[in-house]
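>
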Amino acid sequence: MSVEVTLTVNGVQRSATVEPRRTLADFLREDLELTGTHLGCEHGVCGACTVTVNGASARSCLMLAVQANGADVTTIEGLLEADGSFGVLQQACADSHAFQCGFCTPGFLMAATELLAENPKPTEDDVREAISGNLCRCTGYESIVTAVMLAAERGA
Amino acid sequence: MSGVAPAQRFVGQSVRRVEDRRILTGRGRYIDDMQLPKMLHAVFVRSSVAHGRIVSVDVDAARSMPGVVAVLTALELEGQAYPLSIQPDVPNVERPVFTALASDKVRYVGDPIAVVVAEGRYAAEDARDAIVVDYDPLEAVASIEHAENPERPNLFDDIPSNLLYSEHREFGDVEAAFEGARVVKLTMRPQRVAHVPMECRGGIADYNSGSGDLIYYATTQSPHGLKLGLSGVLAQPAEQVRVITPDVGGAFGQKAGLQREDVALCVASRMLGRPVKWVEDRVENMTSASHARSEILEISAAVDDDGTIRGLDVTMRLDVGAYPVLPFPPSFLGPIVRTMMTGPYHIPALRWANTVYATNKASYGTYRGPWAIETLAREALVDRIARELGLDPLDVRRRNVYTVEEQPTEMVTGPTIEGIRASEALERAAELAGERDFRAAQAKAREEGRLIGLGYSSYIEPAPGPPNLFPSMESGLPPERAYARLEIDGHLTVTTAQAPHGQGHETTLAQVAATEMGIPLEHVRVIHGDTQLTPFSVIGTGGSRAATMASGAALLATRSVKEKVLEIAGHIMEISPSDLEIVDATVRPKGDPAGGMPLANVAGAAYFAAPPGEDAGLRSSSVMHEPPGGWSGGTHACQVEIDPQTGVVEITRYLVVEDCGELINPAIVEGQIRGGIAQGVGIALLENALYDEEANFLAGTFMDYLVPTVMEVPRIEIEHLEGDALHEVNYRGVGEGGTIAAPPAVLNAVADALGGVPITTLPMTPERVLELIDG
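Sequence order for the protein chains is Z and H. The first sequence lines up with residues 1 to 156 when you count with this note's numbering. The second sequence lines up with residues 157 to 931 when you count with this note's numbering.
1) To the nearest angstrom, how far is it from the Cα of P864/H to the Cα of G140/Z?
2) Would you mind stating whether A412/H and Q377/H have Cβ atoms separated by less than 8 Å?
3) Taking C-alpha atoms, which residue in P316/H, V246/H and V199/H lies nearest to G266/H?
4) Nearest-angstrom Cα distance between S15/Z and V5/Z?
5) Looking only at its own chain, which residues have a Cβ that is under 8 Å from the Cβ of A161/H, when we skip the five neighbours before and after it?
6) Between which two residues does the beta strand (DSSP E) harbouring E604/H extend?
7) Could you please tell me which residues of the stretch 169-194 of chain H, in chain order, have their CB closer than 9 Å to any CB of chain Z?
8) Count the other CB atoms, across all protein chains shown, that sit within 10 Å of the CB of V943/H; report buried if there are 16 or more and exposed otherwise.
9) Does G406/H get closer than 8 Å to chain Z when you measure Cβ to Cβ?
10) If we ignore side chains and look at the alpha-carbon of each, how far apart do T808/H and A98/Z end up?
11) Alpha helix (DSSP H) containing P106/Z: first to last residue?
12) At a CB-CB cut-off below 7 Å, which residues of chain H make contact with R128/Z?
13) Assuming A296/H and A710/H make a contact with CB atoms under 8 Å, what is their CB distance in whole Å?
14) Would you mind working out which of V432/H, L428/H and L414/H sits nearest L421/H, comparing C-alpha positions?
15) Between the stretch 130-144 of chain Z and chain H, which residues of the former have CB atoms less than 8 Å from a CB of the latter, in chain order?
16) Just to confirm, are I269/H and A258/H a CB contact at a threshold of 8 Å?
17) Measure the alpha-carbon distance for P527/H versus I896/H and round it to whole angstroms.
18) Where in the stretch 686-741 of chain H do unbroken runs of the beta strand (DSSP E), each at least 3 residues long, occur, reported from the N-terminal end onward?
19) Does the distance from the C-beta atom of A237/H to that of V470/H stay below 8 Å?
20) Between which two residues does the beta strand (DSSP E) harbouring C138/Z extend?
21) Answer yes or no: do L320/H and A514/H have a C-beta to C-beta separation smaller than 8 Å?
22) Here's a check: name, in chain order, each residue in its chain whose Cβ is nearer than 6 Å to the Cβ of R637/H, leaving out the five neighbours to either side.
23) Using a Cβ-Cβ cut-off of less than 8 Å, list which residues of the stretch 67-91 of chain Z approach chain H; keep chain order.
24) Which value, in whole angstroms, describes the spacing of the CA atoms of T37/Z and L7/Z?
25) List, in order along the chain, the chain Z residues whose C-beta lies closer than 7 Å to that of G831/H?
26) If the criterion is Cβ atoms closer than 8 Å, does the pair V53/Z and V18/Z meet it?
27) So that I know if they touch, is there some Cβ in chain H lying closer than 8 Å to that of L39/Z?
28) Indicate whether G660/H and N886/H have their beta-carbon atoms separated by less than 8 Å.
29) Three or more C-beta pairs closer than 8 Å, one from the stretch 173-189 of chain H and one from the stretch 214-234 of chain H: is that the case here?
30) So V339/H is in the beta strand (DSSP E); what residue range does that whole segment cover?
31) Nearest to I608/H by CA position, among G893/H, C794/H and Q828/H, is which residue?
32) Cβ closer than 8 Å: which chain Z residues qualify as neighbours of P900/H?
33) Pair every Cβ in the stretch 466-485 of chain H with every Cβ in the stretch 318-337 of chain H, then say whether three or more of these pairs are closer than 8 Å.
34) As a quick exercise: from V493/H, V288/H, L386/H and Y861/H, pick the residue whose alpha carbon is nearest that of R507/H.
35) Give the residues from the stretch 806-828 of chain H that approach chain Z closer than 7 Å (Cβ to any Cβ), ordered along the chain.
36) Quick check: is the beta carbon of Q164/H nearer than 8 Å to any beta carbon in chain Z?
Printed below as a string of C-alpha cells:
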C-alpha cells in the first residue's frame, strides 16, 4: 500500500508516493536526497534528526512522512542565505567552533533556529533549555551555547 | 618600519575550520548519505541469548520474502573468509579463533548470526524478523568472578579456561618500599561504558566482479589497518582492496580495527556482485559495537607519614568481553596501564599483576584514554592517603609530583619524564580553585546542611609520549608519514595518514603547512581517508598522534617541497635559493617585498618546463619519528554541590590547567579538552553499560544509557601553560586527557562533599549517592 504525500520542503513543493510506514527522516534523506538530516538513535532521544515542521521542531525519526502531508518542513539544507552564504546562525557556529564531527549538527541548528525565531534575545539558560533535547558527544556543548548566544546577539 | 610584511603565521590562531563549510550546511557526506548504483541493504540477525550453542538457523521463510536477495550465515561464509584471530606473534596470550558470523556458538547478546541482504532496508528488516534461531543455552559468564569460577563453562572450547592472559612484573625495589611503611589500600571498580559516537558504525562493500577490485567505504578511524585486516581475512590481494573513509560522525576508539560486520559485508558484495550497505541502528550499536573500562584495580600503597608514596602494589583484572577487536590482543591494555600507573608522581617502586578474562559480553574496544583506570584509581588513592594520614590532598600531590628541577628523569616503568609542568599546573589549579576560601565556604555550608566539595586530579597523557614509551610497553610507535604536492597553480595538497572524525585535521594540518610554505591558508587542501591516496599507518587517528606526529610529518613534507620550489625559483631568477623566501605566495629575494615572482609561476614552470636536473613533480613524502618530551598533562579541579534529599550531584565549577605545548588552533584544542571532560562527567555520574547476572544487556537505548546533555556539562575554565620546547614540533595531543582526568576529579569532589567517604565504583547516580550519604 502506498500513499501520496505533498509537502513543502525548504520552500519547494514536493510530492511523492510512499509507504505509510516510511518515516519523515527516511523520506527526506532517501526519497528527496536531503541527507543533511541525520539519524543518531531512531528512538527520539538524540535529536540529530530534528527538522522544523510548520516552524516547530520535530523528530523526523518518530514522524511518518504521511503525517507531514501539507506541512512546511525546513531542514539544515534550508538555512543558507539566497546567495549561498551562511545564515547568521551558521556563521556564528563557524566563528565559535561550535561543532566537531558534525553528525549532531543538523539537529542543534534546527532546535536553535526554532528558539531564535520564538525568542530572539535568549538568556544562556534559555539556550541550554532549548538544546537540552539534543545530544552531542564531541564538544561538551559550551561552544554550541556560545554560538547560539552569538547568533542572537547578531540578530539571527 | 621597513615595510617588510612578515610571513603569515597561521599556527597559534583559532582560524575557522575548513570542515565547517560542509558540516554546517548539511553537505557533509557520511556513510549513510552515500547511494551507489544497484546498492543493496544489509541487516544483521543477532543473538538474543548471552551464551549458547546454535541448534538451527531457519532462514527459508526470509529468503523467499519480497525484495530479499540473500541471507548469509556462517555456512555461506565458509571458504569465503578465513576465521578471525589475533596476530600469531603476540606472546603468552590465548588466541580465540572465531568467525565473522557465529557458527557453532553464540557468546554475547548481540553476536551476529546471519546477514540479510535486500533491495531496501525496510525489506531487509522485515525478513530479519522472519528468521528463527534455536539455541541450546549455556550458563553465562557475566562477570570477572564468573570467569574465574571453574564451574562456569568456557567461552571457547579449545581454550582451557576463560583466563586469556596473565602478567606479573616488578619495577624498582618493591620489598624495600613496603618495609616499615604504612599501607593504604584501595579497590576501584568502575562500570562498563560505551563510546557512543553520534554516528553508529556502517560500511558499503563494493566488489567489482569484472576487475576483482573491492572498495570498502567504511566509518573507520584506521583505513589502512582495516584494509590490512580485510585483505588477509578475505584472501584479497592488497592492491585490490581499497578502503575509503567518508565523513565520520565520531568514533572515540570504537571505529578502530577490523569489525566482524566488515568481513560479512565484503563477502556479501563479493558473492552478489553488487554494492552492499549496512548502517547499524542505535540499539545495535549499544549492544554490539564495543564497550570499555570495567577493570577491577586493587592497590596497596606504601607511604611515609608525611605522604611520600614509596611504592605501589597493583593488581588489575580485566574483562574483555567475548571476542577481541582485531588487531588488539587481549593482552594489549595491561602494559599501557602499568607503564602509566605512577603518572605525574615520582614513585620509585611498582609491583604489577594483570589477568584478562573472556566473558559473555560485547567486545572490549579501546576507548578515549584506554589506560584511564590508572588515573582514576591513583587519584582516588592520593585523596585516600591524605584522608588516612590526616593530610591535605594537595600536600600529598605536592610531595610526590615531578618538579621541573628533577627533570629529565625516568618513570620507574621506563619512560622519560621531560618537559612536564605537573607541579606548576597543580599550584595554579589550587590557586584558581580558591582552595583556602573554598574550605571556609565548605565549613559554613556544612553548618547549613549543604554538601559542597572540591576535588582535584593530576595526570599525564602520552600525546604521543617520549621515544622510550612504547618500548617500555613492549611495543613500537609506528612513524607517521605525510605527502605534500605543490599544485600547478601554486596551491598545496597535503595528504595525511590521519583519518579525522571531528578533530579538525583538515584545518590544523593546513595551518601548519600554510605557515611553513608561506601561502594563504585557503591555498592548502588536506586529503585523508583513502588507502589508494594516503600514506600507510596501521593506526590512523588514535593514540593522540595527530598533533605531534601528523603535524610534524606535514611540516617536513611541506618543507621538502618548499626546498624544491626555491631551487627551481633560484634557477629561474638566477639567485641562490638560500637568498629566497616565500611570503604570501610570492617567491622573492629575502627582504625585498617588491621583487620576486608568484609561486604559481614557479609551479607552472616546474610542471611544464622543469630546469635541467630538477624533478618536475613538486612532491615530497616525509616521515616523522617521535621527538623527545611527548607528554601533555596538568591538573583538573572540580567543585560540586550535592542535594542531600535527592542525591543529585551538580558540578558547580570545573577548571583545567594543562600543558600541551604550543597550540596550533586554540579553539580546536579547547574543544578537545571540553569534549573529553564531558565524556568523563558522563562516566562519573551517568553512563552505565549494564549487564545482569545472566549477561543480558540492559542499556540498549538512550533511555537506559544516559549520555550527558547540556544540562549536566558545566562551563569549563581552561588555562594553558606552555613549557620550554624540546623540539621544533612542540605540539602535543589533548584528546584523551579530559576523559581520563575528569572522572577522578568529580569522584574526589563528591567524596570531599561527603566528608571523605570511600567511593569505589561509578557512576555516582543519585541512588548511589544517597547510599553513600546513609553510609
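We put the CB at the ideal spot given by N, CA and C, even for glycine. The structure presented is a predicted model; accordingly, all values stated were derived computationally and were not measured.
The short version:
1) Residue mapping note: residue 864/H aligns to position 708 of the second sequence, counting from 1. Residue mapping note: residue 140/Z aligns to position 140 of the first sequence, counting from 1. Their backbone Cα atoms lie some 9 Å apart in a straight line.
2) Locating residue 412/H in the second sequence gives position 256, counting from the first residue. Locating residue 377/H in the second sequence gives position 221, counting from the first residue. Yes; because the gap between Cβ atoms is below 8 Å, this pair is in contact.
3) As a working note, residue 266/H is residue 110 in the second sequence. Selected option, being the one with the closest Cα: V199/H.
4) To locate residue 15/Z, count along the first sequence from 1; it is residue 15. To locate residue 5/Z, count along the first sequence from 1; it is residue 5. Approximately 6 Å between the Cα atoms of the pair.
5) Here residue 161/H refers to the residue found at position 5 of the second sequence. Low per-residue confidence applies at A161/H: pLDDT is 45, beneath 50, and the placement is therefore not dependable, though the value from the model is reported in the following sentence. Sequence-distant Cβ neighbours of A161/H in its own chain, meaning closer than 8 Å and more than five residues away, are V739, D740 and P749.
6) Numbered from 1 along the second sequence, position 448 holds the residue referred to as residue 604/H. Premise fails: E604/H is in no beta strand (DSSP E) and is neither H nor E.
7) Here the close residues are S170, R172, R173, E175, D176, R177, R178, I179, L180, T181, G182, R183, G184, R185, Y186, D188, D189, M190 and Q191.
8) Past the boundaries of the shown model lies residue 943/H; chain H is included only from 157 to 931, so the question cannot be answered.
9) Here residue 406/H corresponds to residue number 250 of the second sequence, with the count starting at 1. Judged by the 8 Å Cβ criterion, G406/H is in contact with chain Z.
10) As a position in the second sequence, residue 808/H is number 652, starting the count at 1. As a position in the first sequence, residue 98/Z is number 98, starting the count at 1. Taking C-alpha positions only, T808/H is separated from A98/Z by approximately 23 Å.
11) Residue mapping note: residue 106/Z aligns to position 106 of the first sequence, counting from 1. Element bounds for P106/Z: T105 to E118.
12) Numbered from its first residue, the first sequence carries residue 128/Z at position 128. Proximity of chain H to R128/Z at the Cβ level (cut-off 7 Å) is accounted for by V866 and M867, in chain order.
13) The residue you call residue 296/H lines up with position 140 of the second sequence. The residue you call residue 710/H lines up with position 554 of the second sequence. Wrong, their Cβ atoms sit about 49 Å apart, outside the cutoff.
14) Walking along the second sequence from the start, residue 421/H turns up at place 265. By alpha-carbon distance to L421/H, the top candidate from V432/H, L428/H and L414/H is V432/H.
15) So the close ones are I131, S132, G133, N134, L135, C136, R137, C138, T139, G140, Y141, E142, S143 and I144.
16) Stepping through the second sequence from its first residue, residue 269/H is reached at position 113. Stepping through the second sequence from its first residue, residue 258/H is reached at position 102. Between I269/H and A258/H, the gap from beta carbon to beta carbon is short of 8 Å.
17) The count along the second sequence starts at 1 and reaches residue 527/H at position 371. The count along the second sequence starts at 1 and reaches residue 896/H at position 740. According to the sequence as given, residue 527/H is Trp; it is not Pro. One C-alpha to the other measures close to 8 Å.
18) Within the stretch 686-741 of chain H, the beta strand (DSSP E) runs of at least 3 residues that lie entirely inside it are, in chain order, 736-739.
19) As a position in the second sequence, residue 237/H is number 81, starting the count at 1. As a position in the second sequence, residue 470/H is number 314, starting the count at 1. When the beta-carbon positions are compared, A237/H and V470/H stay at least 8 Å from each other.
20) Indexing the first sequence from 1 puts residue 138/Z at position 138. According to the DSSP assignment, C138/Z belongs to no beta strand (DSSP E), since it is labelled neither H nor E.
21) Numbered from 1 along the second sequence, position 164 holds the residue referred to as residue 320/H. Numbered from 1 along the second sequence, position 358 holds the residue referred to as residue 514/H. In contact: L320/H and A514/H (Cβ atoms closer than 8 Å).
22) Numbered from 1 along the second sequence, position 481 holds the residue referred to as residue 637/H. Excluding residues within five positions, the ones whose Cβ falls inside 6 Å are A653, P691, A709 and V779.
23) Flagged, chain order: T75, I76, E77, L79, L80, F86 and Q90.
24) As a first step, residue 37/Z is located in the first sequence; it is residue number 37 there, counting from the start. As a first step, residue 7/Z is located in the first sequence; it is residue number 7 there, counting from the start. Rounded to the nearest angstrom, the two C-alpha atoms are 17 Å apart.
25) As a position in the second sequence, residue 831/H is number 675, starting the count at 1. In chain order: Q100, C138, T139 and G140.
26) Here the question's residue 53/Z lines up with position 53 in the first sequence. Here the question's residue 18/Z lines up with position 18 in the first sequence. Going by C-beta atoms, V53/Z is not nearer than 8 Å to V18/Z.
27) The residue labelled residue 39/Z in the question sits at position 39 within the first sequence. Contact of L39/Z with chain H is assigned, a C-beta pair being separated by under 8 Å.
28) By one-based count along the second sequence, residue 660/H stands at place 504. By one-based count along the second sequence, residue 886/H stands at place 730. Contact: no.
29) With contact defined as three or more Cβ pairs closer than 8 Å, the stretch 173-189 of chain H and the stretch 214-234 of chain H are not in contact.
30) The sequence position of residue 339/H within the second sequence is 183, counting from 1. Where V339/H is concerned, the enclosing beta strand (DSSP E) starts and stops at R338 to M344.
31) For the purposes of this step, residue 608/H is identified with residue 452 of the second sequence, where counting begins at 1. Looking at the Cα atoms, C794/H is the closest of the given residues.
32) Residue mapping note: residue 900/H aligns to position 744 of the second sequence, counting from 1. Residues of chain Z passing the Cβ test: none, with the nearest at roughly 18 Å.
33) Under the three-pair Cβ rule at 8 Å, the stretch 466-485 of chain H counts as touching the stretch 318-337 of chain H.
34) Numbered from 1 along the second sequence, position 351 holds the residue referred to as residue 507/H. If we check each option's Cα against that of R507/H, V493/H comes out closest.
35) Hits within the stretch, in order: A823, I824 and G827.
36) For the purposes of this step, residue 164/H is taken as residue 8 along the second sequence, with counting starting at 1. Between Q164/H and chain Z, the shortest Cβ-Cβ separation is not below 8 Å.
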